[in-house]
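Asker: One structure, pasted below without further comment.
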Amino acid sequence: MLTLVLNAGSTSMKFKLYGMGNGEQVLAQGNCQRLGLKNSTVKFVGPYGETRMITTDLGDHLEAMDLTLRLLSEGEGAPLGNVKDLGAIGHRIAMGGPDATKSKLIDEDVISAIEQYAYITPLHSPPQVAAIRACQKLLGGSFPQVAGFDTAFHQTIPKEVYFCPIPYEYYEKYGVRRLGFHGLSHQYIAGRYFQLTHKDTKGSRVVTCHLGGGSSLSAIRDGKSIDNTLGFGTGQGLMCGTRAGTFDHTAIAHLMRVTGKSFDEIEDDLQTRSGFLGVSGVSSDVGDVEQSAHAGNERSQLALDMFTCQIKKYIGAYTFLMGGLDAVLFAGGIGENSEYVRRRVCQGLESIGILLDERLNSEYNHKEGRISQVGSPVDLWVIPTNEELVIARDTFGVVQRLGM
6 MLTLVLNAGS TSMKFKLYGM GNGEQVLAQG NCQRLGLKNS TVKFVGPYGE TRMITTDLGD
66 HLEAMDLTLR LLSEGEGAPL GNVKDLGAIG HRIAMGGPDA TKSKLIDEDV ISAIEQYAYI
126 TPLHSPPQVA AIRACQKLLG GSFPQVAGFD TAFHQTIPKE VYFCPIPYEY YEKYGVRRLG
186 FHGLSHQYIA GRYFQLTHKD TKGSRVVTCH LGGGSSLSAI RDGKSIDNTL GFGTGQGLMC
246 GTRAGTFDHT AIAHLMRVTG KSFDEIEDDL QTRSGFLGVS GVSSDVGDVE QSAHAGNERS
306 QLALDMFTCQ IKKYIGAYTF LMGGLDAVLF AGGIGENSEY VRRRVCQGLE SIGILLDERL
366 NSEYNHKEGR ISQVGSPVDL WVIPTNEELV IARDTFGVVQ RLGM
């Protein structure tokens, strides 16, 4: 079955076409960027790796989806002979509510739930709904679409971990609890590790590190998530490109008093002007910050030191939470591509069995491979994440079960 996976952002829409049931072959992929702006760019990679770059004006996700379907179905060598050849579409959905425990066929109830809980993921949910609506308009309301939820993998987190130490009524009435995110990525990374090593999930203790513009770590015991560094929303845990991560709430009231800013203004500062950008003053991109640090910028070096220190602390905490550690897995734009960050994270953790091989760490930059020393008690791997494949598999499974 030909399955299209969409990952919609506020001004972008990534897509990847799979031939499911046929070796999970990637037939085409691409990214529409700068939606709603002049000179939108579209990168399209065809079935044989041929690449096209298109500059146009795409006003919204509907126009981006229309162009995507035309690229997939028109012209010589198009992977779809006709749009009608497409079997289903899977969407990455950040948040679908507490009942989103597994991937679901999208109907109006699912869309309503995504919209209802959009206050938790305000940057992610609206464009994801816009992409769903665009597909409905172009392909018809009965065309099968499936939601793959980023929170579903973390439904196994126990109560003592996901409850917050606040008045109990806030949980009962308003559902305030830790949820965890990046679940599609953590699920893939861990599953791929067990596939590569042929190790049994039973009794396993793994820390997955999804490190990118947004970052999180997960503790995975017996193949199931038992903790994630993100919380009710994406404001907890590690510092990110522009987000502060965990930040003392009492400092918010202090900043409101001394700056005269409103809560919303301080919240915006913590979401869009903090993290690597706020500390370094250089960029939200870790590659830029690394270059600046190596050139002697002390604030950039401080940002990197803070980031790697936070990761170390979580690895240590998760080791004790799980009663030991068997593997640490690195993924995401930073985890896959920054040998410097991986090296700094591993330095000083030899006492818990983390022994990095410097040569392998350099050799497997940007690609999949083991980077731990021979005989290291803890496996260290770089595993490029593939959230789209998880969504494609789930989409295929849902449609098959429903006989669509």
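If you want the working numbering, it's the position in the sequence shown, counting the first as 1, plus 5. The C-beta atom is built at its ideal place from N, Cα and C for all residues, glycine as well.
Among Met100, Lys21, Leu42, which has the Cα closest to the Cα of His187?
Answerer: It is Met100 whose Cα lies nearest to the Cα of His187.
Asker: Thinking C-alpha only, which one of His371, Ser377, Phe312 is nearest Ser289?
Answerer: Residue Phe312 is the option with its Cα nearest to Ser289.
Asker: Go ahead and pull the three-state DSSP assignment for Asn233.
Answerer: Strand at Asn233.
Asker: Just verifying my parser: in three-state terms, what is the DSSP assignment at Ala249?
Answerer: Coil, per DSSP.
Asker: Can you grab the Cα-Cα spacing for the pair Ala83 / Thr251, in whole Å?
Answerer: Each residue's Cα considered, the two are about 47 Å apart.
Asker: Quick one: what's got a C-beta closer than 6 Å to Gly228's C-beta in the same chain, skipping five residues either side?
Answerer: Only Thr206 meet the Cβ criterion.
Asker: Given this structure, state the Cα-to-Cα distance separating Phe158 from Cys245, to the nearest angstrom.
Answerer: Cα to Cα, the separation comes out at about 21 Å.
Asker: Looking at the strands, I want to know which residues DSSP matches up with Asn36.
Answerer: The partner list for Asn36 (beta bridge, DSSP) reads Lys19, Lys48.
Asker: Determine the contact status of Leu365 and Arg348, defining contact as a CB-CB distance below 8 Å.
Answerer: No, Cβ-Cβ distance for Leu365 and Arg348 is not below 8 Å.
Asker: Would you check if there are 3 or more beta carbon pairs closer than 8 Å linking the region 132 to 152 to the region 93 to 113?
Answerer: Contact holds: three or more Cβ-Cβ distances are below 8 Å.
Asker: Could you spell out the range, first to last residue, of the beta strand (DSSP E) harbouring Ala336?
Answerer: Residues 332 to 336.
Asker: Using only alpha-carbon positions, find the residue among Val31, Leu143, Pro149 that is nearest to Leu394.
Answerer: Cα-wise, what sits closest to Leu394 is Val31.
Asker: Compare the beta carbon distance of Val387 and Gly374 with 8 Å and say whether it is the shorter of the two.
Answerer: Yes, these two residues count as a Cβ contact at 8 Å.
Asker: Buried or exposed for Met58, going by 16 or more other Cβ atoms inside 10 Å?
Answerer: Label assigned to Met58: exposed.
Asker: Are there 16 or more other CB atoms within 10 angstroms of the CB of Pro103, so buried, or fewer, so exposed?
Answerer: Answer is exposed; the Cβ neighbour count stays below 16.
Asker: Ends of the beta strand (DSSP E) at His96?
Answerer: Residues 93 to 98.
Asker: Got a sec? Which residues, its chain only, sit under 6 Å from Gln38 by beta carbon, not counting five neighbours each side?
Answerer: Correct list, in chain order: Ser17, Thr46.
Asker: Straight-line CA distance for Lys48 to Gly238?
Answerer: So the alpha carbons of these two residues sit roughly 31 Å apart.
Asker: At a cut-off of 7 Å, would you count Phe325 as near the ligand GDP, judging by its Cβ distance to the nearest heavy atom?
Answerer: The model on display carries no ligand, and the ligand GDP is accordingly not part of it.
Asker: I'd like to check one pair, Val181 with Tyr175: are the Cβ atoms closer than 8 Å?
Answerer: Yes, the pair counts as a contact, with Cβ atoms nearer than the cut-off.
Asker: In this structure, does DSSP put Thr324 in helix, strand or coil?
Answerer: Reduced to three states, the DSSP call for Thr324 is helix.
Asker: Could you check the C-alpha separation between Ala13 and Ser356 for me, to the nearest Å?
Answerer: For Ala13 and Ser356, the distance between alpha carbons rounds to 42 Å.
Asker: For Leu7, write down the residues that DSSP places opposite it in a beta bridge.
Answerer: Paired residue(s): Gly24.
Asker: Leaving out the 5 sequence neighbours to the left and right, which residues in its chain are closer than 7 Å to Arg304 when beta-carbon positions are compared?
Answerer: Val284, Ser285, Gly286.
Asker: State the start and end residues of the unbroken alpha helix (DSSP H) segment that holds Gln150.
Answerer: Careful: Gln150 lies outside any alpha helix (DSSP H), inside the beta strand (DSSP E) at 150 to 154.
Asker: What first and last residue would you give for the alpha helix (DSSP H) that runs through Ile194?
Answerer: Element bounds for Ile194: 188 to 202.
Asker: I'd like the span of the alpha helix (DSSP H) that includes Ser285, first residue to last.
Answerer: Ser285 -> alpha helix (DSSP H) spans 280 to 285.
Asker: As a quick exercise: from Gly242, Thr202, Ile111, pick the residue whose alpha carbon is nearest that of Lys318.
Answerer: For Lys318, the nearest C-alpha among the options comes from Gly242.
Asker: I believe Leu85 touches Leu72 by the beta-carbon criterion, under 8 Å. Please report the beta-carbon distance rounded to the nearest angstrom.
Answerer: Contact doesn't hold; Cβ gap of about 14 Å is too wide.
Asker: Assign Ala258 to buried or exposed, taking buried as 16 or more other Cβ atoms, counted over all protein chains shown, within 10 Å of its Cβ.
Answerer: Looking at its Cβ environment, which holds fewer than 16 other Cβ atoms inside 10 Å, Ala258 is exposed.
Asker: Please determine, among Asp310, Gly337, Gln378, Arg398, the residue with the shortest C-alpha to C-alpha distance to Thr390.
Answerer: Of the listed residues, the one whose Cα sits closest to Thr390 is Gly337.
Asker: Quick check on DSSP: helix, strand or coil for Gln30?
Answerer: Strand, per DSSP.
Asker: Just to confirm the assignment: which complete beta strand (DSSP E) runs, minimum length 3, are found wholly within the region 108 to 159?
Answerer: Whole beta strand (DSSP E) segments, 3+ residues: 150 to 154.
Asker: Is it buried or exposed for Ala256, if we count other Cβ within 10 angstroms and need 16 for buried?
Answerer: Its Cβ having fewer than 16 others within 10 Å, Ala256 is exposed.
Asker: Only counting the same chain, and skipping five residues up and downstream in sequence, which positions put a Cβ closer than 6 Å to that of Ser223?
Answerer: So the list reads His191, Thr213, Ser230, Asn233, once near-sequence residues are dropped.
Asker: Secondary structure at His371, three-state DSSP: helix, strand or coil?
Answerer: Here His371 sits in coil by DSSP.
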